[in-house]
Amino acid sequence: MSGIAVLLDQGDRAALAEQLRQHWLEGRNTAVVTPQERAQLEPLLAAPLPQGVGPALVLGTGGSTGGRQWCLQPLAHLQRAALATAEWLEGIGIDAGACELLNPLPLHHISGLMPLVRAEHWRVPLRCLPPQWLREPALLAQQCPLDPARPALLSLVPTQLQRLLEDSSGLAWLRGCALIWVGGAALPQPLAEVCRREGLPLAPCYGSTETGAMVAALAPQAFLAGESGCGQPLSHAELRLEPSSGALQIRSGSLAAALWSGDAWQPLPLQQGWWSSGDLARLEAHGLQLRGRRDGAIQSGAETVFPEQVEEALLRLIREAGLTIEAVLLLPEEDSLWGARLSALVRPAEPQDWPALERSLRQLAEHLPPAQRPRQWLLCEGLERNAMGKWDRQRWRQWLESRP
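In our numbering, the protein residues as written are 953 to 1356.
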């Protein structure tokens, strides 16, 4: 089947999971996207797919060099990753076939899709957890009691983990899980220490859309013993560092088949089978240590955010609203809950009532996804580009940091 069907992730994850199961049974190629991204898919829906891909998934990815990309992942590759995860679990004393999977992540992300693939491949139950339950831990504990006869395997991002830990009901519920994978963003050290103190079986992990999600994970026993990082590679993956840049490279049977170039599907760029990620890393005796992104992207609430693209979106909204703003610059700042959040520096075109203007800007930002909404808006009357027409981001970062 050459065409690509589209399924929209509109919130009902259980219904979407059932649709995906049916598509896989029928051998259909399927794109899973948010309603806002639907129009971006039009150019690729009828494009010829690479030979021999078989049933495949199209998912959005931040890409390794910035900007939104579309990734073609054969279902067989994702199943290979699910098998490797089962082998990893067996190595730490957990029988994947006896477990129950809990998924609070959206299915248009690889981290939310893989629990469904694992559940299908392992033939075990999957429970999709609505976002509201994660925001109200008492409701989560009430609506999703854990079965003591089935080890519960949970996938979270650090933001969700933080919110559950801040509530006694959430903490008690987490204690009932046999294993908690945490990925999508770096695990803040203070949060890791709280989890160790509470004895939570965390397994920090690393992966991407291009790798079919998890290719390395830290065993919970090692985490609780004080080890950091994302552990050793799973059986289906090899890791190394690119000599010139220090970027993490992966060779694996779960690598994506292709990326959309804008005109056609192109094979994933490989160097003798190795794919270069957008992450800088160290490979130490006890496993993978991430050093941050090598492009301009930030990780905010497990979302990959490109500040320059958000600036463009904000300026478009500002123009459409008729506000008189000369310049907007977005800079990331560390955040204990989100990993990083954006701060907006603003130069109005003329003297204005700043509190009123700030309220208008915050209202406009509500049109953006949560991870792209600036945490704070700052009046910066001297804000300007350099002589080359570029932002001297280091200069304005110093301005931001020097504020009282």
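Just so it is clear, CB atoms sit at the ideal spot from N, CA and C, and this is done for glycine as well.
Cutoff 6 angstroms; reference residue i; Cβ partners in own chain excluding five residues on either side
| i | result |
| --- | --- |
| V1005 | P1026, A1209 |
| L997 | I956 |
| L1030 | V1069, G1164 |
| C1129 | A1104, L1106 |
| V985 | H1060 |
CB contact check: residue i to chain C, cutoff 7 angstroms
| i | result |
| --- | --- |
| D1047 | Judged by its chain identifiers, the structure shown contains no chain C, having just a single protein chain. |
Rounded straight-line distance, which links the Cα of residue j to that of residue i
| i | j | result |
| --- | --- | --- |
| L1232 | R1245 | 6 angstroms |
| D1099 | G1064 | 22 angstroms |
| A1034 | L1081 | 20 angstroms |
| T1013 | D1047 | 31 angstroms |
| V1146 | L1131 | 16 angstroms |
| I1250 | E1260 | 11 angstroms |
| P1058 | W1227 | 25 angstroms |
| A999 | P1007 | 15 angstroms |
| A1279 | E1336 | 7 angstroms |
| G1015 | E1263 | Summary for G1015: the model assigns pLDDT 47, below 50, so the residue's position carries little reliability, and this model does not support an answer. |
| I1062 | I1270 | 33 angstroms |
| T982 | P1083 | 24 angstroms |
| R1115 | L1053 | 20 angstroms |
| V1298 | R1314 | 12 angstroms |
| A1189 | P1284 | 32 angstroms |
| L960 | A991 | 11 angstroms |
| G1248 | S1187 | 31 angstroms |
Status (buried if at least 16 other CB within 10 Å, exposed otherwise) for residue i
| i | result |
| --- | --- |
| A1168 | buried |
| A1155 | buried |
| L977 | exposed |
| L1056 | The sequence given here places Pro at residue 1056; Leu does not occur at that position. Buried: at least 16 other Cβ atoms inside 10 Å. |
| G1230 | buried |
| R965 | buried |
| A969 | buried |
| E1286 | exposed |
| T1276 | exposed |
| L1222 | exposed |
| A1323 | buried |
| E1072 | buried |
| R1032 | buried |
| P1103 | buried |
| P1067 | buried |
| E1302 | exposed |
Cβ distance (whole Å) where residue i is taken to contact residue j below 8 angstroms
| i | j | result |
| --- | --- | --- |
| E1150 | C1023 | 36 angstroms between Cβ atoms; not a contact. |
| L1105 | C1051 | 5 angstroms |
| S1354 | A1292 | Rounded, the Cβ-Cβ distance is 19 angstroms, inconsistent with contact. |
Beta-carbon contacts of residue i that lie in its chain and below 8 angstroms, excluding the five residues immediately before and after
| i | result |
| --- | --- |
| G1181 | P1156, L1170, E1236, H1238, G1239, L1240, Q1241, L1242 |
| D1119 | P1089, A1090 |
| S1312 | A1273, L1275 |
| L1092 | L1081, W1085, L1086, L1116, S1121, G1122, W1125 |
*asked:* Between the segment 1133-1149 and the segment 1287-1306, can you find at least three pairs of beta-carbon atoms closer than 8 angstroms?
replied: yes
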